[in-house]
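*Asks:* Just so we're on the same page, our numbering is the position in the sequence shown counted from 1, plus 122.
Sharing a structure, written as structure tokens. Questions coming.
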Amino acid sequence: MNINDPFGRIQDKHQRHYQSLCVSLRKAGITDQAAAQALLGRLRRRGIWGLALSVPTTLLLALALPELLLLILVSGGLLVFWLSKTSLNSQEYVKRYMREELTVSDEATSE
């Protein structure tokens, strides 16, 4: 039993998201390691670009509108947190997909 998730709700939620991603990846035709690696690289680049755009934009808005400084910084901080968390979760799901689904199918086709 996990103290942080005693009823398994968070784990169930992550499993549902992962299963949804698996279905989407299969529909998109990502069925080999090379395509999954390419997707992983694109996810990393998108995450970095999102952060590279949101942080300076937040800071520029905070400088331009000092009367809304607190609101802008809090909103920007939430945006950065959400972007990084979403990007990291997506990358972890794709890595899990590669580890669980693609290695199984690669081993089955090589036999």
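Just so you know, even glycine gets a beta-carbon here, dropped at the ideal spot from N, CA and C.
Given the structure, does S209 come close to the ligand HEM, in the sense that its CB is under 7 Å from one of the ligand's heavy atoms?
*Replies:* With respect to small molecules bound, the structure shown includes none, and the ligand HEM cannot be examined in it.
*Asks:* Between S176 and L147, is the Cβ-Cβ spacing less than 8 Å?
*Replies:* Position 54 of the sequence shown, counted from the first residue, corresponds to residue 176. Position 25 of the sequence shown, counted from the first residue, corresponds to residue 147. It is not a contact, given that the beta carbons lie outside the stated cut-off.
*Asks:* According to DSSP, is T225 part of a helix, a strand, or is it coil?
*Replies:* Position 103 of the sequence shown, counted from the start, is the residue given in the question as residue 225. DSSP places T225 in helix when its eight states are reduced to three.
*Asks:* Using the Cα positions of K135 and W171, report the straight-line distance between them to the nearest angstrom.
*Replies:* By one-based count along the sequence shown, residue 135 stands at place 13. By one-based count along the sequence shown, residue 171 stands at place 49. Straight across, the Cα-Cα distance linking K135 with W171 is about 27 Å.
*Asks:* Work out the CA separation of R166 and A160 for me, nearest whole Å.
*Replies:* By one-based count along the sequence shown, residue 160 stands at place 38. By one-based count along the sequence shown, residue 166 stands at place 44. Going from the Cα of A160 to the Cα of R166 covers about 10 Å.
*Asks:* Can you check which of these residues, G163, V196, E223 and G199, is closest to L210 by C-alpha distance?
*Replies:* Position 88 of the sequence shown, counted from the first residue, corresponds to residue 210. When each option's Cα is compared against that of L210, the closest is G163.
*Asks:* Counting along the chain, where does the alpha helix (DSSP H) carrying P178 start and finish?
*Replies:* One-based indexing of the sequence shown puts residue 178 at position 56. Where P178 is concerned, the enclosing alpha helix (DSSP H) stretches over Q155 to A186.
*Asks:* To the nearest angstrom, how far is it from the Cα of A150 to the Cα of L192?
*Replies:* Mapped onto the sequence shown, residue 150 falls at position 28. Mapped onto the sequence shown, residue 192 falls at position 70. Going from the Cα of A150 to the Cα of L192 covers about 42 Å.
*Asks:* Taking the alpha-carbon positions, what's the N124 to Q137 distance?
*Replies:* Counting from 1 along the sequence shown, the entry for residue 124 is found at position 2. Counting from 1 along the sequence shown, the entry for residue 137 is found at position 15. Approximately 16 Å between the Cα atoms of the pair.
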